[in-house]
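Visitor: The structure under discussion is supplied below as structure tokens; questions concerning it will follow.
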Amino acid sequence: MESGDGSENITCNITNGNTTECMCVKDFEHYSSCYVVVAVILLTAIFVMGFVGNILVITVVIKRRSMHTTTNCYLLSLAFADMLLLLSAALPATAEPFFMRAEWPYGHVLCSIMVFVQYFGANASALSITAFTIERYIAICHPMKAQIMCTTERAKKIIIGLWCFALMYCAPWLGLSEITCDINQKGETMQSCSYRLERKQYRVYYMIDLVIFYIVPLVITAVLYSSIVHMLYNTTIYCSRRRRSIDKRKRTAVYSRRQVSNTILQTTSP
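For what it's worth, full-length UniProt numbering labels the leading residue of the sequence shown as 1, then goes sequentially.
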């Protein structure tokens with residue numbers, strides 16, 4: 001069957017040696033040379049800087065005992081989550097321009113693992129940022145409560161709970177991806193990492209993911225940071241007024257002492 005532009009859209013089911021059903025297409029698309037150069041340079045730079053930066057954060061926090069604070073616990077959690085994203089998203093994307101468009105040469109197992117780790121890393125990162133924001137809010141706006149609530153032991157338990165929740169929530173992605181196969185008119189085959197179900201069937205999952213890991217953390221972060229800014233602004237104004245009041249009292253006291261000194265000199269002088 002021919003489409004309006006003269007290309008053939010043939011749909012057939014062919015079973016290759018791995019008993020994978022393939023769809024016939026006219027030809028495979030390749031990336032342009034310019035795109036390959038730019039994409040590889042940018043993605044390599046992002047991966048190297050991100051990976052090295054997070055490794056340095058993890059190394060410093062773990063090795064230095066003085067860095068074992070509640071804030072650094074959440075930063076350590078965020079660094080691990082970012083590394084998962086770099087390894088599962090940035091690293092495969094760096095090599096992607098050397099293959100055909102949508103090609104996945106790494107097999108079914110890595111397809112499922114990479115999709116799972118990408119969602120897992122992103123969700124763990126969102127939860128870590130939210131927990132870090134809550135901890136900062138308590139430490140700044142409620143310093144007395146922070147001495148009891150913001151402890152390293154409690155931070156570690158919270159982080160473990162958040163990662164376990166993200167792990168269980170993202171576990172279905174291990175079974176929601178699959179390898180699809182395309183074959184062109186020359187008989188060449190290409191494998192792609194795709195969704196097992198129709199995209200519209202993931203709509204509810206996506207909406208829950210959007211609410212739990214993006215909208216709710218965004219609202220919490222915005223509200224708490226607004227409260228922190230309000231608190232710091234009021235504190236700055238109070239300190240400024242108090243400083244001016246103290247300075248005024250000091251000037252008044254100095255003036256009074258000078259007046260007393262002048263009076264004494266006047267009364268004692270011949």
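For each residue, glycine too, the CB sits at the ideal point set by N, CA and C. Remember, predicted model here, so these are calculated numbers, not experimental data.
1. Go ahead and pull the three-state DSSP assignment for Y31.
2. Please report the straight-line C-alpha distance between residue 272 and C34, rounded to a whole angstrom.
3. Helix, strand or coil: how does DSSP classify E103 here?
4. Excluding the 5 residues flanking A89 on each side, which residues of the same chain have their C-beta closer than 7 Å to its C-beta?
5. T180 by DSSP, collapsed to three states: which one?
6. If you follow the alpha helix (DSSP H) that L94 is part of, which residue opens it and which one closes it?
7. Between the Cα of M149 and those of M207, A131, A166, spot the shortest distance and give me the residue it belongs to.
8. Is S32 near W104, with beta carbons less than 8 Å apart?
9. I'd like the span of the beta strand (DSSP E) that includes M190, first residue to last.
10. Below 8 Å on the Cβ atoms is my contact criterion, and I expect Y195 with N123 to pass it. Report the Cβ-Cβ distance as a whole number of Å.
11. Measure the CB-CB distance between P97 and V48 and report whether it falls below 8 Å.
12. If you draw a straight line from the C-alpha of C164 to the C-alpha of H230, how long is it?
13. Beta-carbon separation of S128 and Y74 under 8 Å?
14. How would you label T70, buried or exposed, when you count the other beta carbons within 10 angstroms and need 16 or more for buried?
15. Tell me the rounded alpha-carbon separation between G107 and F99.
16. Use the C-beta contact count for S66: other C-beta atoms within 10 angstroms, 16 or more gives buried, fewer gives exposed.
17. Here's the rule: buried if 16 or more other CB atoms are within 10 angstroms of the residue's CB, otherwise exposed. What is G161?
18. Considering Cα atoms alone, identify which of V38, L197, N72 is closest to I159.
19. So, at 7 Å on beta carbons, what are the nonlocal neighbours of L43 in its own chain, with the 5 sequence-adjacent residues on each side left out?
20. Rounded to whole angstroms, what's the CA-CA distance from N54 to I62? Just pull it up for me.
21. Can you tell me where the alpha helix (DSSP H) holding P143 begins and where it ends?
22. Can you give me the C-alpha to C-alpha distance between A102 and I179, rounded to a whole angstrom?
23. For a test of the three-state rule: what should DSSP assign to R64, helix, strand or coil?
24. Between V38 and A79, what straight-line distance do the alpha-carbon atoms span, to the nearest angstrom?
25. Over what stretch of residues does the alpha helix (DSSP H) that includes K156 continue unbroken?
Guide: Checking against the coordinates, here is how it stands:
1. Residue numbering aside, residue 31 sits at position 31 when the sequence shown is read from its first letter. Note: Y31 maps to coil in three-state DSSP.
2. Here the chain covers residues 1 to 270 and nothing more, so residue 272 does not appear.
3. Here residue 103 refers to the residue found at position 103 of the sequence shown. Coil, per DSSP.
4. Indexing the sequence shown from 1 puts residue 89 at position 89. Within the same chain, Cβ atoms closer than 7 Å to the Cβ of A89 are found at Q118, the five residues on either side in sequence being excluded.
5. Start at 1 with the first residue of the sequence shown, and residue 180 comes out as number 180. Judged by DSSP in its simplified three-state form, T180 adopts strand.
6. For the purposes of this step, residue 94 is identified with residue 94 of the sequence shown, where counting begins at 1. For the sequence presented, residue 94 should be read as Thr rather than Leu. Boundaries of the alpha helix (DSSP H) around T94: 91 to 95.
7. Within the sequence shown, numbered from 1, the residue matching residue 149 stands at position 149. By alpha-carbon distance to M149, the top candidate from M207, A131, A166 is A131.
8. For the purposes of this step, residue 32 is taken as residue 32 along the sequence shown, with counting starting at 1. For the purposes of this step, residue 104 is taken as residue 104 along the sequence shown, with counting starting at 1. No, they are not a contact pair.
9. As a working mapping, residue 190 is identified with position 190 in the sequence shown. Counting along the chain, the beta strand (DSSP E) containing M190 begins and ends at 189 to 195.
10. Here residue 195 is taken as the residue at index 195 of the sequence shown, counted from 1. Here residue 123 is taken as the residue at index 123 of the sequence shown, counted from 1. That belief does not hold up - the Cβ atoms of Y195 and N123 are roughly 18 Å apart, past 8 Å.
11. As a first step, residue 97 must be located in the sequence shown, where it is residue number 97. As a first step, residue 48 must be located in the sequence shown, where it is residue number 48. Result no, Cβ atoms of P97 and V48 do not sit closer than 8 Å.
12. Position 164 of the sequence shown, counted from the start, is the residue given in the question as residue 164. Position 230 of the sequence shown, counted from the start, is the residue given in the question as residue 230. Distance between the alpha carbons of C164 and H230 is about 34 Å.
13. Translated into positions along the sequence shown, residue 128 becomes position 128. Translated into positions along the sequence shown, residue 74 becomes position 74. The answer is yes: Cβ separation under 8 Å.
14. Looking up residue 70 in the sequence shown gives position 70. When all chains shown are included, T70 counts as buried.
15. Position 107 of the sequence shown, counting from 1, holds the residue named residue 107. Position 99 of the sequence shown, counting from 1, holds the residue named residue 99. Rounded to whole angstroms, G107 and F99 show a C-alpha spacing of 14 Å.
16. In the sequence shown, counting from the first residue as 1, residue 66 sits at position 66. Exposed, by the Cβ-count rule.
17. Within the sequence shown, the letter at position 161 stands for residue 161. G161 comes out exposed.
18. Indexing the sequence shown from 1 puts residue 159 at position 159. Nearest of V38, L197, N72 to I159, Cα basis: N72.
19. Counting from 1 along the sequence shown, the entry for residue 43 is found at position 43. Around L43: A90, A93, T94.
20. Mapped onto the sequence shown, residue 54 falls at position 54. Mapped onto the sequence shown, residue 62 falls at position 62. The straight-line gap from Cα to Cα measures roughly 12 Å.
21. Here the question's residue 143 lines up with position 143 in the sequence shown. Per DSSP, P143 belongs to the alpha helix (DSSP H) from 143 to 149.
22. Position 102 of the sequence shown holds residue 102. Position 179 of the sequence shown holds residue 179. Each residue's CA atom was taken as its position, placing A102 and I179 some 11 Å apart.
23. As a working note, residue 64 is residue 64 in the sequence shown. Correct three-state label for R64: coil.
24. As a working mapping, residue 38 is identified with position 38 in the sequence shown. As a working mapping, residue 79 is identified with position 79 in the sequence shown. One C-alpha to the other measures close to 27 Å.
25. For this step, residue 156 is matched to residue 156 along the sequence shown. For K156, the enclosing alpha helix (DSSP H) begins and ends at 152 to 170.
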